[in-house]
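Sequential numbering of the sequence shown, starting at 2, is according to my numbering. C-beta atoms are modelled at their ideal positions from N, C-alpha and C, and glycine is treated no differently. None of these values were measured; they are calculated from a predicted model.
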Amino acid sequence: MSGQFITFEGGEGAGKSSVLQAVSCQLKQLGYQVVTTREPGGIEIAEKIRDIILDRAYTVMDARTEALLYAAARRQHLVERVVPALDDDQIVLCDRFIDSSLAYQGYARGLGIDEVYQINQFAISNTMPDLTLFFDITPEEGLKRIALNSEREKNRLDLEELSFHQAVYDAYMLLLDRFNDRIVAVDASPKLEVVVEYALDLILKHINNHTVKTK
Ligand code: TMP
Numbered sequence: 002m003s004g005q006f007i008t009f010e011g012g013e014g015a016g017k018s019s020v021l022q023a024v025s026c027q028l029k030q031l032g033y034q035v036v037t038t039r040e041p042g043g044i045e046i047a048e049k050i051r052d053i054i055l056d057r058a059y060t061v062m063d064a065r066t067e068a069l070l071y072a073a074a075r076r077q078h079l080v081e082r083v084v085p086a087l088d089d090d091q092i093v094l095c096d097r098f099i100d101s102s103l104a105y106q107g108y109a110r111g112l113g114i115d116e117v118y119q120i121n122q123f124a125i126s127n128t129m130p131d132l133t134l135f136f137d138i139t140p141e142e143g144l145k146r147i148a149l150n151s152e153r154e155k156n157r158l159d160l161e162e163l164s165f166h167q168a169v170y171d172a173y174m175l176l177l178d179r180f181n182d183r184i185v186a187v188d189a190s191p192k193l194e195v196v197v198e199y200a201l202d203l204i205l206k207h208i209n210n211h212t213v214k215t216k
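(1) Taking 8 Å as the threshold (C-beta atoms), are Thr212 and Ser25 in contact?
(2) Based on the DSSP secondary-structure assignment, which residues constitute the bridge partners of Ala186?
(3) Return yes when at least one heavy atom of the ligand TMP lies under 7 Å from the C-beta of Tyr173, else no.
(4) Taking the beta carbon of Leu160 as the centre, do at least 16 other beta carbons fall within 10 Å, making it buried, or is it exposed?
(5) Indicate the three-state DSSP secondary structure (helix, strand or coil) for Ile92 in the structure shown.
(6) By Cβ distance, which residues of its chain are closer than 8 Å to Thr133, with the 5 residues on each side in sequence left out?
(7) Using alpha carbons as the reference points, say which of Leu55, Phe136, Val36, Asp96 lies closest to Val195.
(8) Could you check whether the Cβ of Asp96 sits closer than 7 Å to any heavy atom belonging to the ligand TMP?
(9) Could you have a look at Gly11 and say whether DSSP puts it in helix, strand or coil?
(10) Going by beta-carbon coordinates alone, are Asp96 and Arg39 separated by less than 8 Å?
(11) Would you say Ala200 and Val187 are within 8 Å of each other, going by their C-beta atoms?
(12) Under a three-way DSSP split, which group does Arg157 fall into?
(13) What does a CB cutoff of less than 8 Å around Lys145 pick up in its chain, not counting 5 residues either side in sequence?
(14) To the nearest angstrom, how far is it from the Cα of Thr60 to the Cα of Leu158?
(15) Any heavy atom of the ligand TMP closer than 7 Å to the beta-carbon of Tyr71?
(16) Measure the alpha-carbon distance for Ser1 versus Glu142 and round it to whole angstroms.
(17) Cutting at 6 Å between CB atoms, please list the residues of its own chain near Gln91, excluding the five before and the five after it.
(18) List the residues that DSSP assigns as beta-bridge partners of Tyr33.
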């Protein structure tokens with residue numbers, strides 16, 4: 002396996018999905034072979050699990066059930082989509098991965114970062130990202146942005162209070178420190194073009210040191 006697995010992380014409204022699409026286009030224009038995907042989802046089984054996890058009607062969902070469902074979706078997506086592309090030396094840009102589970106379920110839901118890491122180890126069998134970009138925006142600013150975006154799907158986690166989103170942010174700060182050789186913070190407060198340019202630059206510097214497929 003010698004492609005590059007690059008994940009995009011952040012709280013709600015950080016703009017990571019828009020940056021991911023723009024960075025993907027630019028990498029393709031530069032001749033790289035890129036797979037863009039997301040979690041939970043990306044393939045049929047995982048999209049079905051996504052529908053269950055994020056359904057606003059399921060307010061009774063237990064935190065451990067939630068963590069296990071994210072891990073199950075992750076496993077299937079990894080096997081079906083991520084690993085084959087990495088085996089083919091492609092660049093995989095994935096909107097969220099294990100750090101989301103560590104931040105949301107491990108820390109914000111209070112299950113424990115180490116406990117959630119353990120169930121995810123079973124799911125991913127050591128396939129960790131090569132590089133993770135954390136899109137840094139305060140929860141207040143992020144939630145303000147999503148309130149203004151009427152097209153965005155409002156899911157079950159959007160029903161949480163500001164204190165939950167603050168806990169998610171605090172968790173990412175802990176993860177930045179713990180995985181400082183893998184996770185890099187990107188200031189997500191400037192306008193989109195600026196964030197895209199910065200993110201692309203980081204990714205190009207990273208992949209220049211590795212062998213990935215071009216056309
Ligand atoms: P999205 O809005 O980025 O598509 O993500 C869907 C929601 O799922 C978002 O609120 C973050 C949450 N999430 C977790 O809580 N744990 C996870 O492991 C993942 C991948 C997402």
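Concretely, from the data shown:
(1) no
(2) Phe135
(3) no
(4) exposed
(5) strand
(6) Ile7, Thr8, Phe9, Glu10, Phe98, Asp100, Phe180, Arg183, Ile184, Val185
(7) Phe136
(8) yes
(9) strand
(10) yes
(11) yes
(12) helix
(13) Gly14
(14) 10 Å
(15) yes
(16) Nothing in the structure corresponds to residue 1, since the chain is present only between 2 and 216.
(17) Gly4, Gln34, Val36, Lys214
(18) Thr215
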